[in-house]
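Engineer:
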Amino acid sequence: MDKFRMIFQFFQSNQESFMNGICGIMALASTQMYSAFDFNCPCLPRYNLAYGLGILLVPPFILFLLGFVLNNNISMLAEEWRRPQGQRGKDPAVLRYMFCSMAQRAMIAPAVWVSVTLLDGKCITCAFCTSVPVETLGNGSHPRLSQGEIQRVLARIPCKEIYNGQELIANEVAVRYLRCISQALGWCFVLLMTTLAFLVRSLRPCFSQAAFLKSRYWSHYIDIERKLFDETCAEHARSFAKVCIQQFFEGMSTDLVAARCHLPRKAPVDTGEAAEKLLGITDRGTMNMVLKSWHRCKPPLHLHPPAPPTENGWAGEGQPPTHPSVPRRETAAYYSSV
Amino acid sequence: MDRFRMIFQYFQSNSESVMNGICGLLALAGVKMYTSFDFSCPCLPQYNVAYGLGIMFIPPIILFLCGLILNRQSLLMLEEWRRPQGCRKKDQAVIRYMCSSIMQRAMVAPVVWIVVTLLDGKCLICAFSSSMDPEKFVGFANVSSVQVQQLLAKVPCKDDELMRNNLSRQAVSRYLRCWSQALGWSILLILIIAAFLARWLRPCFNQATLLQARHWSNYIDIEQKIFEETCCEHSRLFAHKCILHFFESMRQEIKLHSFSLPREGEGAEREEDLLRGITDQDQVDKLLKTWYYEKPPLNVSQATHR
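So the sequence lines, in the order shown, correspond to chains A and B. Residue numbering for the first sequence is 1 to 338, as defined by full-length UniProt numbering. Residue numbering for the second sequence is 1 to 306, as defined by full-length UniProt numbering.
(1) What separation, rounded to the nearest whole angstrom, lies between the Cα atoms of B/Asp2 and B/Glu233?
(2) Quick one: does B/Gln281 have its CB under 9 Å from some CB of chain A?
(3) For A/Arg284, does the count of other Cβ atoms within 10 angstroms reach 16, so buried, or fall short, so exposed?
(4) Along the chain, where does the alpha helix (DSSP H) that runs through A/Lys292 open and close?
(5) Could you name the residues of the region 213 to 247 of chain B whose beta carbon sits closer than 7 Å to any beta carbon of chain A, in the order they occur along the chain?
(6) Counting only beta-carbon separations shorter than 9 Å, does A/Tyr97 have a partner in chain B?
(7) Would DSSP call B/Met163 helix, strand or coil?
(8) Find out if the Cβ-Cβ distance for the pair B/Ile114, B/Phe57 is shorter than 9 Å.
(9) Across the region 175 to 186 of chain A and the region 102 to 122 of chain A, are there enough close Cβ pairs to call them in contact, namely three or more that are closer than 8 Å?
(10) Where does the unbroken alpha helix (DSSP H) through A/Asn73 begin, and where does it stop?
(11) Quick one: grab the DSSP three-state call for A/Met107.
(12) Where does B/Cys178 land, buried or exposed, given buried means 16+ other C-beta within 10 angstroms?
(13) List the residues of chain A that B/Leu65 touches, going by C-beta distances under 7 Å, in chain order.
(14) Between the region 64 to 75 of chain B and the region 168 to 178 of chain B, do three or more beta carbon pairs fall short of 8 Å?
(15) For A/Trp187, go through chain B and note every residue whose CB falls closer than 8 Å to its CB, in chain order.
(16) Do B/Leu53 and B/Ala106 come within 9 Å of each other at the CB atom, strictly closer than that value?
(17) Taking the C-alpha atoms as reference points, what is the distance between A/Pro309 and B/Phe238?
(18) How many angstroms separate the CA atom of A/Met76 from the CA atom of A/Val114?
(19) Residues of chain B with CB closer than 9 Å to the CB of A/Arg179, please, in chain order.
(20) Let me know if B/Cys157 comes out buried or exposed under the rule of 16 or more other beta-carbons within 10 Å of its beta-carbon.
(21) For the alpha helix (DSSP H) holding A/Glu135, just list the boundary residues, first then last.
(22) Does chain B have any CB closer than 9 Å to the CB of A/Val290?
(23) Note down, in chain order, each residue of its chain lying with its Cβ closer than 7 Å to the Cβ of A/Thr31, except the 5 sequence neighbours on either side.
(24) Can you confirm whether A/Val94, when its beta carbon is compared against all beta carbons of chain B, has any partner nearer than 9 Å?
(25) Check whether chain A comes within 9 Å of B/Leu78, counting only Cβ atoms and requiring the distance to be less than that.
(26) Residues in its own chain within less than 7 Å of A/Pro84 by CB, not counting five upstream and five downstream?
(27) Could you round the C-beta distance between A/Ala78 and B/Leu288 to whole angstroms and report it? I think they count as a contact, below 8 Å.
(28) Per DSSP, what kind of secondary structure is A/Ile157 in: helix, strand or coil?
(29) From B/Lys154 to B/Leu44, what does the alpha carbon distance come to, in whole angstroms?
(30) So the candidates are A/Ala106, A/Asn72, A/Pro110; which of them puts its Cα closest to the Cα of A/Phe189?
(31) Taking its Cβ as the centre, do 16 or more other Cβ atoms sit within 10 Å of B/Phe246, making it buried, or is it exposed?
(32) Given that A/Phe229 touches chain B, what residues does it touch there, using C-beta distances under 7 Å?
(33) Following a CB-centred definition, is A/Asn71 positioned closer than 8 Å to any heavy atom of the ligand NAP?
(34) What residues in its chain sit with their C-beta under 8 Å from that of A/Glu80, if we drop five residues either side in the sequence?
(35) Anything in chain B within Cβ reach of A/Leu119, meaning under 7 Å, just list it in chain order.
(36) Using a Cβ-Cβ cutoff of less than 7 Å, which residues in the same chain neighbour A/Leu137 once the five nearest sequence positions on both sides are dropped?
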């Protein structure tokens with residue numbers, strides 16, 4: 001148990017830092033993705049807006065969902081949400097805590113993508129180049145072009161090689177203007193996100209510290225309980241299999257006694273210990289019932305002192321006679337002396 | 001117990017250095033952000049000032065808030081400030097000490113950003129090129145006042161067709177950069193002198209109070225960490241007991257008595273001790289609520305028990 005305790009303490013204290021690490025890695029991955037992505041503005045009037053805004057908004061959505069997928073606790077949250085109530089009440093505050101902590105971590109990578117995109121400026125330049133105020137920035141005295149022509153000319157602003165509207169409005173002026181707006185939006189977005197994070201973090205101790213401590217404790221408890229249950233079941237399965245196979249071999253060797261007049265070997269001493277670990281559950285139907293009962297009716301969070309509970313058991317009947325688990329076969333050994 | 005002691009000594013000695021490390025990393029991150037940021041002045045009359053001053057002041061605010069968020073002590077200080085008094089008095093000197101140490105650390109990265117910005121000069125050139133007096137510069141002296149604003153606003157853009165190879169542009173640019181760098185170095189000098197004086201003169205005032213405040217703020221930090229560790233340990237044992245009881249009650253239900261109860265012997269007694277008599281949900285909730293509403297007095301000489 002000592003080894004398990006050390007491992008659980010490591011995970012417990014490091015689970016938050018593990019999730020923070022994944023968060024940071026995803027944020028770095030999103031900046032890397034952005035710099036590796038080959039941005040190609042289509043330079044056509046209506047396609048520009050769709051492309052620019054798509055690159056700005058679709059990858060953050062994907063990164064947000066990925067943040068949930070990579071988080072181990074999502075299955076724990078779903079389990080706790082959907083389980084039948086049984087003897088243990090469900091605390092919605094715990095569910096909210098778990099969901100909020102996962103959502104906060106999943107929001108980091110999308111926020112990084114949006115900030116980097118806005119601070120770089122290419123997306124906004126592509127998306128809004130047709131809305132540049134030509135009257136203030138460009139030549140008012142240019143010969144009149146139709147609205148559609150102007151749109152087509154302006155749409156080519158991001159593509160310097162094919163831009164042909166230098167008399168209408170200088171390319172550098174328009175690009176500088178759009179990039180300035182984009183960077184201003186980017187910094188404001190980062191400021192907004194940071195302020196929100198600061199408020200969320202600093203208002204919590206002022207208002208709901210006791211409830212927070214409770215929710216945090218029980219959400220960690222649920223996680224640890226699930227891991228311990230899996231470990232206990234694994235241990236049980238191992239002992240079950242061991243005893244089963246030993247009994248099989250015992251049965252085989254009993255058969256062989258008749259054929260070869262060998263004394264059956266004495267069962268190894270540690271069968272008793274393994275059999276003890278089975279905790280009285282020795283067949284498939286019983287094990288299935290145990291697993292079903294664990295899901296449908298979790299025990300109340302109330303530990304009794306080591307007296308056995310009397311609500312459901314047949315303890316009133318006293319000790320029924322112990323049956324040996326393997327029926328002993330009667331064999332007759334024939335000795336022939338030739 | 002040995003392992004706990006080692007861990008606590010690590011936390012004790014490294015709490016301050018962890019925070020110093022975070023502070024330094026944030027300052028470096030600020031510098032890196034500045035160098036990788038593609039500064040492009042809009043070169044338009046009203047937009048220049050907004051852009052230049054925005055780049056100079058908004059990222060420091062962001063870095064300051066990040067410095068507060070990433071510092072664990074800020075949460076501790078808020079908790080200590082807002083907790084109900086209960087059995088433990090609140091010491092204002094401790095809260096003030098924690099507040100000032102948090103603020104000092106959070107201010108480092110913003111100051112580094114502002115100083116780097118000023119020493120580089122681009123922000124000030126962008127923001128104040130339209131406010132220059134055109135009479136001082138030969139190339140702009142004879143231009144009409146409407147046009148001169150537009151021209152001055154284009155000074156930060158070297159590659160603009162009007163500004164390429166314009167000597168007056170270079171003159172304005174050099175003039176503004178000189179002012180910017182002078183301002184940057186002066187601010188740096190003043191801050192370093194202030195920090196030096198503060199550190200040098202502090203032992204002359206209230207050294208005993210300072211030692212006490214520092215001790216108790218470390219204490220609060222360590223107490224919080226131990227509380228969390230103890231809660232983890234407790235919940236692990238709770239879960240262990242809960243699961244074993246569950247299996248046992250299942251066995252009682254199905255009436256199999258072939259094998260005897262697993263006697264844990266010493267292990268069970270030690271775990272009972274560690275559970276400290278807290279064995280159900282209401283008791284744990286009460287424990288956590290009591291921890292918040294009525295912290296125990298700082299006096300462990302008499303036997304305290306809950």
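Here a beta-carbon is modelled for each residue, glycine too, at the ideal position from N, C-alpha and C.
Structural biologist: If we stick to the structure as given:
(1) If you take the alpha carbons of B/Asp2 and B/Glu233, they lie about 16 Å apart.
(2) Closer than 9 Å: yes.
(3) Looking at its Cβ environment, which holds fewer than 16 other Cβ atoms inside 10 Å, A/Arg284 is exposed.
(4) Per DSSP, the continuous alpha helix (DSSP H) segment holding A/Lys292 begins and ends at 284 to 296.
(5) If the cut-off is 7 Å between Cβ atoms, the region 213 to 247 of chain B has Cys231, Cys232, Ser235, Arg236, Phe238, Ala239, His240, Lys241, Cys242, Ile243, His245, Phe246, Phe247 near chain A.
(6) For A/Tyr97, not one C-beta of chain B is nearer than 9 Å to its own C-beta.
(7) Residue state for B/Met163 is assigned as coil, using DSSP reduced to three classes.
(8) Cβ atoms of B/Ile114 and B/Phe57: closer than 9 Å.
(9) The answer is yes - the region 102 to 122 of chain A touches the region 175 to 186 of chain A, with three or more Cβ pairs under 8 Å.
(10) Where A/Asn73 is concerned, the enclosing alpha helix (DSSP H) stretches over 73 to 82.
(11) The answer is coil: DSSP assigns A/Met107 none of H, G, I, E or B.
(12) By the neighbour-count rule (16 or more Cβ atoms within 10 Å), B/Cys178 is not buried but exposed.
(13) Chain A residues near B/Leu65: Thr194, Thr195, Phe198.
(14) Flag = no, the region 64 to 75 of chain B and the region 168 to 178 of chain B do not touch.
(15) Correct list: Gly54, Ile55, Ile58, Pro59, Ile62.
(16) Going by C-beta atoms, B/Ala106 is not nearer than 9 Å to B/Leu53.
(17) Bear in mind that the predicted position of A/Pro309 carries a pLDDT of just 44, short of 50, making it unreliable; the figure below should be weighed with that in mind. Distance between the alpha carbons of A/Pro309 and B/Phe238 is about 18 Å.
(18) Roughly 30 Å between the two C-alpha positions.
(19) Asp38, Ser40, Pro42, listed in chain order.
(20) By the Cβ-count criterion, B/Cys157 is buried, with 16 or more other Cβ atoms from all chains shown falling within 10 Å of its own Cβ.
(21) A/Glu135: member of the alpha helix (DSSP H) spanning 134 to 137, first to last residue.
(22) Answer yes: the Cβ-Cβ gap between A/Val290 and chain B drops below 9 Å somewhere.
(23) Closer than 7 Å at the Cβ level, and outside the excluded window around A/Thr31, lie Val112, Val116.
(24) So no, A/Val94 is outside the interface.
(25) At a cut-off of 9 Å, the C-beta of B/Leu78 has a neighbouring C-beta in chain A.
(26) The beta carbon of A/Pro84 lies closer than 7 Å to those of Arg296 in the same chain, with the five residues before and after it left out.
(27) Actually they are not in contact, since the Cβ atoms of A/Ala78 and B/Leu288 sit about 26 Å apart, beyond 8 Å.
(28) In this structure, A/Ile157 counts as coil in the three-state DSSP scheme.
(29) Distance between the alpha carbons of B/Lys154 and B/Leu44: 7 Å.
(30) The closest CA to that of A/Phe189, considering only A/Ala106, A/Asn72, A/Pro110, is found on A/Pro110.
(31) Burial check for B/Phe246: the Cβ neighbour count within 10 Å reaches 16 or more, so the residue is buried.
(32) Simply Ile243.
(33) As for the ligand NAP, it is missing from this structure, which has no ligand bound.
(34) Taken in chain order, the residues that qualify are Lys90, Val94, Leu95, Met98, Ile222.
(35) Phe37, listed in chain order.
(36) Taking C-beta separations shorter than 7 Å and ignoring five residues to either side along the sequence, the partners of A/Leu137 in its chain run Ile169, Val173, Ala174, Tyr177, following chain order.
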